[in-house]
Amino acid sequence: MTAHWPTGTTAPEADTADFRNYLRPIWAHKFLVLVLVVAATIGTYAYYDRQPRVYRSSTDIFVGPANPAPGVANTALPPSDRTIADQARLMQTHAVAARVARRIGFDGDPRRLLADVSVTAAEGSDFLLVTGTASQPEAAARLANAFAQAFIDVRASDRRKLATRTLNDLERQLAGATAPGSDSLRRSLNARINAVRLAQATPSGDASQVDAALPATEPMSPRPRRNAIFAFGLSLMLGIIAAFGLERIDRRIKSSEEAEAAYRLPVIAAIRHVRRIVPKSKGEMSVAEGVRETFRSLRSNIELAADSQPVRTILVASAIPDEGKSTVVRNLALVYAEAGFRVAILEADLRRPSLARTLGAQSAPGLTDVLMGLAPLAEVVQLIDVQVPDARIARSLAPSAGDGGGTAVATMREAGSNGSFDHSGQLDFIASGPRPADPPAMFSAPGLRALVERLADDHDIVLVDSPPLLAVSDAVPLMSVVDGTILVCRVGKSTDDGAERVLKLTSRMPDARILGLVVNDVDDGGFNEKYKDY
Numbered sequence: 001m002t003a004h005w006p007t008g009t010t011a012p013e014a015d016t017a018d019f020r021n022y023l024r025p026i027w028a029h030k031f032l033v034l035v036l037v038v039a040a041t042i043g044t045y046a047y048y049d050r051q052p053r054v055y056r057s058s059t060d061i062f063v064g065p066a067n068p069a070p071g072v073a074n075t076a077l078p079p080s081d082r083t084i085a086d087q088a089r090l091m092q093t094h095a096v097a098a099r100v101a102r103r104i105g106f107d108g109d110p111r112r113l114l115a116d117v118s119v120t121a122a123e124g125s126d127f128l129l130v131t132g133t134a135s136q137p138e139a140a141a142r143l144a145n146a147f148a149q150a151f152i153d154v155r156a157s158d159r160r161k162l163a164t165r166t167l168n169d170l171e172r173q174l175a176g177a178t179a180p181g182s183d184s185l186r187r188s189l190n191a192r193i194n195a196v197r198l199a200q201a202t203p204s205g206d207a208s209q210v211d212a213a214l215p216a217t218e219p220m221s222p223r224p225r226r227n228a229i230f231a232f233g234l235s236l237m238l239g240i241i242a243a244f245g246l247e248r249i250d251r252r253i254k255s256s257e258e259a260e261a262a263y264r265l266p267v268i269a270a271i272r273h274v275r276r277i278v279p280k281s282k283g284e285m286s287v288a289e290g291v292r293e294t295f296r297s298l299r300s301n302i303e304l305a306a307d308s309q310p311v312r313t314i315l316v317a318s319a320i321p322d323e324g325k326s327t328v329v330r331n332l333a334l335v336y337a338e339a340g341f342r343v344a345i346l347e348a349d350l351r352r353p354s355l356a357r358t359l360g361a362q363s364a365p366g367l368t369d370v371l372m373g374l375a376p377l378a379e380v381v382q383l384i385d386v387q388v389p390d391a392r393i394a395r396s397l398a399p400s401a402g403d404g405g406g407t408a409v410a411t412m413r414e415a416g417s418n419g420s421f422d423h424s425g426q427l428d429f430i431a432s433g434p435r436p437a438d439p440p441a442m443f444s445a446p447g448l449r450a451l452v453e454r455l456a457d458d459h460d461i462v463l464v465d466s467p468p469l470l471a472v473s474d475a476v477p478l479m480s481v482v483d484g485t486i487l488v489c490r491v492g493k494s495t496d497d498g499a500e501r502v503l504k505l506t507s508r509m510p511d512a513r514i515l516g517l518v519v520n521d522v523d524d525g526g527f528n529e530k531y532k533d534y
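The numbering of the sequence shown is the working numbering, which starts it at 1 and goes up by one.
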């Protein structure tokens, strides 16, 4: 198998690092990523926006030195971390909750209030942080303040009880100090009794609320905007990962560059989306405006790929069905005809022929009738009217008379000077004919080569529509009877595995001459709709 690269082009480098290659999976699956991101973002926002609002308010309590003996100042010790932690647990007791319930007018079980309040003690600090949560901001602040005040009240009550017990004990000691020489002891006991009584009359100063809790200006939860932003970032990341994952398991060819790398052949034409790829104007065949220049370039690139070896018979094949080979044959024949070439189309796809329908011709009689000797070639040839340019332009484009192209030009009708189309062009079409019982045997017949050579003698270009290479074995003999073969690859349809199998198949055929690769249905930005090979 040989393949010629057009002048001015070089073989693609498989290892070329292109930033666009990294973005291509994301672009190929952009709708998946977009839907995932939009659904996750909007869904997250809507879900959390409908959740009940929860507000949080906090206040600090300073816990001062603890006096084990009220009224005795020199025994005061700073509270330890363990003491502060114990005070945090003591605040969440039933006694404190009962005081809170009475303070805020709560009629239910006071223990239910404990679920809505939290008390934390920071390590190395003398502060307790009391936090209340509620469905209303005022209720959350009221709950935190109530627990703080209840804790202070409980500590003050406990301290007063301790002072009372201490006072009673000191008074008993004073009453028993009647022995001679006990004046000093009595003075000491009186001083301590006065200090304890002062402590009873003075509010406790070992715990105090620093700042009262204030109503929150916004809820603690839910946070729909924050959660939606998080969902946006997470879904975008997951969407990109999914895009690369799908790209890795998706073996379909998605661009001209991928097709060129997969087939290891030069791309001699990239045909974009066109809504109607097989239009018909005033009863005559024409090429769609959107791809006319592309097929003209294909015609020129075939001449460049042929190099010094003449190419007059061309087989157009594809790996699998529905890749657009018949459409390529049709439009390529029309651009050859509009340039003044004498063109013949041989429909050699005997299993799923489609050219007769797209050309508006009869499907029988045809090729099988000639090969089986049921009809001469002249009786099966159908003339197809082609819309061609001004005859004088066609003369300048057509082969010279010495090359056999003068006859086609001579049959053209002179057009006016306004540059309008001359509708006198024609091409010869040989349909597939009735489907035989054994298609591979038809192509193995010796008459096939003679038929192709006869068509080449009478025409400038003979285009042969081939069956798919991997679907059936019919096309294999055809590759050895033509001057060159063009492979057609459809973006989104062809696969890397199919390209590899085609390369292995053609490599076993030393007589096969591959002119290049035509990439069909290339994305041009979405300006045209995808077409099918009718």
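Positions of the beta carbon are idealized from the N, C-alpha and C atoms, including for glycine. Fair warning: this is a prediction, and the values are worked out from it, not measured in the lab.
- About 16 Å separates the beta carbon of Val502 from that of Val482, a gap too long to meet the 8 Å contact definition.
- In this structure, Val462 places its C-beta atom within 8 Å of the C-beta atom of Leu346.
- A residue is called buried when at least 16 other Cβ atoms come within 10 angstroms of its Cβ; Phe31 does not meet this threshold and is exposed.
- Using a 10 angstroms sphere on the CB of Phe341, the tally of other CB atoms reaches 16 or more, which defines it as buried.
- Look at Asp169 here: in three-state DSSP terms it is helix.
- DSSP places Met442 in the helix class (H, G or I) of the three-state scheme.
- If you ignore the 5 residues before and after Leu236, its C-beta comes within less than 6 Å of the C-beta of Val37, all in its own chain and listed in chain order.
- In the DSSP assignment, the residues bridged to Arg252 are Thr495.
- Distances from the CA of Gly132 to each of Glu123, Leu114, Ala121 and Gly124 were compared; the closest alpha carbon is that of Leu114.
- Taking a 10 Å sphere around the C-beta of Ser184, we find fewer than 16 other C-beta atoms and assign the residue as exposed.
- Residue pairing by DSSP puts Gln382 in a beta bridge opposite Phe429.
- The beta carbons of Ala361 and Ala431 sit closer together than 8 Å.
- In this structure, Ser326 sits near Ser354, with a CB-CB distance shorter than 8 Å.
- The beta carbon of Ser444 lies closer than 7 Å to those of Pro477 in the same chain, with the five residues before and after it left out.
- For Tyr22 and Glu258, the gap between their C-alpha atoms comes out near 13 Å.
- Contact annotation: Ala139 and Thr59 have beta-carbon atoms that are not nearer than 8 Å.
- In this structure, Ile193 sits near Leu167, with a CB-CB distance shorter than 8 Å.
- Segment contact: the segment 38-47 against the segment 244-263, fewer than three CB-CB distances shorter than 8 Å; contact not assigned.
- Contact check for Leu517 and Pro266: beta-carbon distance about 7 Å, within the 8 Å limit, so the pair qualifies.
- Remark: C-beta atoms of Leu427 and Ala375 do not approach each other more closely than 8 Å.
- One alpha carbon belongs to Val370, the other to Met479, and they sit about 20 Å apart.
- Sequence-distant partners of Arg435 (beyond 5 residues in either direction) whose C-beta falls short of 8 Å from its own C-beta, in its chain, are Leu350, Arg351 and Thr368.
- Residue range Val117 to Ala121 is occupied by the beta strand (DSSP E) that includes Ala121.
- Counting the other Cβ atoms within 10 Å of the Cβ of Asp521 gives 16 or more, which makes it buried.
- A residue is called buried once 16 or more other Cβ atoms fall within 10 Å of its Cβ, and Ser125, having fewer, is exposed.
- Around the beta carbon of Ser466, a 10 Å sphere encloses 16 or more other beta carbons of the protein chains shown; the residue is thus reported as buried.
- Spanning the alpha carbons of Ile271 and Val291 requires a straight line of approximately 7 Å.
- Looking at Arg248, Ala269 and Leu304, the one whose alpha-carbon comes closest to that of Glu293 is Ala269.
- The three-state reading of DSSP puts Met285 in strand, counting E and B together.
- Spanning the alpha carbons of Val210 and Ala46 requires a straight line of approximately 39 Å.
- Taking 8 Å as the upper bound for CB-CB distance, Val54 and Pro219 are in contact here, some 6 Å apart.
- In the structure shown, the three-state DSSP call for Ala437 is coil.
- By the Cβ neighbour-count rule, Gly239 is buried, with 16 or more other Cβ atoms within 10 Å of its own.
- Taking C-beta atoms under 8 Å as the contact rule, Glu247 and Ala28 qualify, at a distance of about 7 Å.
- For Arg225, the three-state secondary structure derived from DSSP is helix.
- Going by beta carbons, Ile84 and Val130 fall outside the 8 Å limit.
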